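Residue numbers (the UniProt record's numbering): 1 to 690.
Written out as structure tokens, the structure reads:
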């Protein structure tokens with residue numbers, strides 16, 4: 001069984017050069033690891049996401065749907081704040097540290113609540129002004145959310161071959177090895193991820209709350225990192241469904257709208273399924289899935305009826321840190337959506353002093369808890385922008401977005417029909433016009449990114465890497481609510497017809513039961529007509545990112561298994577950043593020289609000299625003293641080369657071409673997809689190793 005404290009936590013934080021990083025390049029131990037069933041790991045993963053935040057939410061006084069929806073948001077906020085702060089005190093991340101941080105956070109907020117309550121200046125109790133829901137609506141809505149979560153798990157399980165597939169997309173290599181690095185080292189500082197490929201870059205920052213939580217799963221279970229990545233995919237629809245329920249509940253919507261939105265949270269291909277084969281954008285997907293929960297917290301804070309509740313600004317502040325620690329663009333999207341909510345609210349009624357004070361307290365809480373993250377994000381934002389080609393016409397881009405067919409051969413017709421009905425009816429969606437307006441903004445940014453190339457577009461889309469797929473995902477959230485509004489309109493039409501036929505149908509408990517039955521019939525009809533909420537379509541789309549190769553094939557996995565048996569502890573394996581071999585670290589705990597693909601034009605100028613030399617010239621090791629010294633500094637004994645390439649790479653790195661002609665390399669393993677060479681150091685007398 002895996003160690004509760006994880007493994008390899010004694011290395012310390014100074015892994016920034018070949019010599020200091022080498023002690024992290026340890027192969028797996030000989031201790032047999034008791035296998036875990038994926039369902040067990042899934043339950044553990046879900047618990048790690050939910051329980052710490054739920055403890056904090058309980059301490060803050062949250063209850064009901066708001067507690068459930070805010071729990072994962074608060075967990076990531078806790079991890080983001082603690083993960084970036086604890087390294088300043090030399091504390092490494094372990095499951096026990098996670099437990100202590102959770103307990104300490106709950107204790108602190110309890111003290112704050114009690115102190116605020118006793119001061120008499122701020123009342124910490126109370127509840128938001130809500131229309132009462134009966135037991136049946138709550139149960140029905142919970143069933144719809146559970147159904148969406150179940151569909152999400154089923155889609156992910158099938159697409160990833162029971163959570164055993166290795167993700168094949170460019171970003172997945174980085175995310176997998178980031179999880180491995182944190183699990184091995186305990187380094188929770190976002191800047192520490194520079195040690196994967198860029199140890200000399202002082203301004204490096206990558207938000208890592210997603211990776212820290214996933215690494216905690218690996219620490220506890222010792223399961224392969226790709227299994228944890230696959231399992232994370234299964235959780236997104238459930239998280240989104242619960243957040244949608246809370247948003248409708250605290251935004252003034254009807255139970256029927258909440259139930260419909262929950263059910264449809266697993267149906268749209270654009271989110272989350274498109275983002276996984278496109279780039280395996282795991283932190284961004286997590287942040288987007290949590291946006292409805294964040295907005296629900298804001299809506300609850302604004303509608304609190306018993307004075308200013310000190311708890312809600314803390315929840316919102318910690319939630320904002322959670323989004324920032326997952327992906328800064330998620331926090332930017334949350335800010336834009338929040339502004340839209342405030343505009344609609346303040347156009348209807350002037351903001352009171354209590355609202356403004358609560359928003360001010362939220363900002364203070366976010367700054368106090370997230371200063372390290374905010375500073376690091378600001379430094380990283382000064383880097384060069386990224387630009388994807390605009391290869392659609394405006395009409396094509398708008399058509400693909402509205403017809404839910406971005407890079408797909410066929411639209412999602414049933415969802416489009418519901419969207420149209422929702423737009424025409426508008427009654428159920430009226431409290432959420434701000435949400436639709438925010439969606440329209442992201443839709444416009446999608447069209448601009450897909451169809452236009454200019455400085456204005458580059459500036460406006462920079463927080464989202466000029467990536468139209470991300471805008472399609474953000475548009476999907478309001479689209480879910482619009483389609484849900486269409487379902488409610490269909491239900492209302494059927495109910496009105498029943499009332500005409502039988503005017504007394506709406507009386508008493510029988511009327512409530514019949515009303516719920518009509519809604520259930522509409523939901524079931526949509527699910528049936530749409531092939532189980534587009535399960536087959538979404539499974540096929542998701543599976544495109546989890547094929548057997550070309551990035552990592554089964555035969556290449558066998559080569560990595562062989563490396564794990566022969567590599568000397570404390571050494572690196574020379575690899576090509578473009579053939580997927582970096583996944584040997586995530587799969588077998590064998591440390592590659594290049595732990596993720598390299599964007600050469602952007603990264604080579606700032607890369608450490610040893611790696612840069614190996615990237616460009618490793619195949620000159622026979623005659624090039626600089627190459628020999630760089631390889632010796634990393635302690636390289638073995639070289640691996642895979643046949644497949646990570647799209648969009650078109651060839652191997654320059655230094656990995658023609659290895660079969662290098663005299664100092666001895667072929668020791670060969671299969672149709674991968675080769676392993678040993679460096680014959682005894683023939684390279686020019687270098688004195690060690």
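Beta carbons: idealized from backbone N, C-alpha and C, even for Gly. Everything numeric in this text was worked out from a predicted model, so none of it was measured.
Item	Value
For residue 531, the first and last residue of its enclosing alpha helix (DSSP H)	531–543
Residue burial classification, residue 677 (beta-carbon count within 10 angstroms, cutoff 16)	buried
Alpha carbon of residue 184 to alpha carbon of residue 219, nearest angstrom	8 Å
Under 9 Å between C-beta atoms of residue 421 and residue 518	no
Test item: CB-CB of residue 684 and residue 664 under 9 Å	yes
Endpoints, the alpha helix (DSSP H) within which residue 233 is located	225–250
Local conformation of residue 304 per DSSP, three classes	strand
Closest residue to residue 151 among 236, 320, 408 (Cα-Cα distance)	236
Any alpha helix (DSSP H) of 4 or more consecutive residues that is wholly inside the stretch 159–195	170–185
The stretch 251–270 in contact with the stretch 397–406 per 3-pair CB rule at 8 Å	yes
Beta carbon of residue 512 nearer than 9 Å to that of residue 240	no
Beta-carbon proximity check, residue 586 vs residue 486, cutoff 9 Å	no
Top-ranked residue by Cα proximity to residue 549, from 165, 75, 539	165
Residues bridged to residue 674 [DSSP beta-bridge criterion]	642, 671
Enclosing alpha helix (DSSP H) for residue 329 [first to last residue]	328–348
Alpha-carbon to alpha-carbon, residue 674 and residue 692	Summary: the structure shown does not reach residue 692, with the chain confined to residues 1 through 690, and so no result is reported for it.
Backbone CA spacing between residue 699 and residue 442 [nearest angstrom]	Residue 699 is absent from the structure shown; the chain starts at 1 and stops at 690.
Residue of 520, 566, 593, 319 minimising C-alpha distance to residue 60	319
Whole-Å CB distance - residue 181 paired with residue 191, under 8 Å assumed	The pair is not a contact, with the Cβ atoms about 12 Å apart (cut-off 8 Å).
Endpoints, the alpha helix (DSSP H) within which residue 429 is located	Looking at the DSSP string, residue 429 is not in any alpha helix (DSSP H), and its letter there is neither H nor E.
Cα-Cα separation between residue 528 and residue 135, rounded to whole angstroms	26 Å
Residue 467 vs residue 388 beta-carbon contact at 9 Å	yes
Cα-Cα separation between residue 547 and residue 179, rounded to whole angstroms	21 Å
Exposure of residue 250, with buried meaning 16 or more beta-carbon neighbours within 10 Å	buried
Pairwise C-alpha distance: residue 215 and residue 222	10 Å
Terminal residues of the alpha helix (DSSP H) in which residue 562 lies	554–566
Length of the line joining the Cα atoms of residue 480 and residue 105	34 Å
First through last residue of the alpha helix (DSSP H) which encompasses residue 613	609–617
Inter-stretch contact at 8 Å, needing at least 3 Cβ pairs: the stretch 283–301 / the stretch 242–258	yes
Residue ranges of each alpha helix (DSSP H) within the stretch 32–66, 4 or longer	38–60
First and last residue of the uninterrupted alpha helix (DSSP H) at residue 277	275–279
Local Cβ density within 10 Å of residue 464, reported as buried at 16 or more and exposed below that	buried
Close-in-space but distant-in-sequence residues of the same chain around residue 541 (CB under 7 Å, 5 per side omitted)	269, 273, 274, 277
Given residue 431 as reference, the closest of 602, 336, 258, 264 once Cα atoms are compared	258
Contact belief for residue 646 with residue 574 at Cβ below 8 Å, rounded distance in angstroms	No, residue 646 and residue 574 are not in contact; Cβ-Cβ is about 17 Å, not under 8 Å.
Residue 635 (DSSP reduced to helix, strand or coil)	coil
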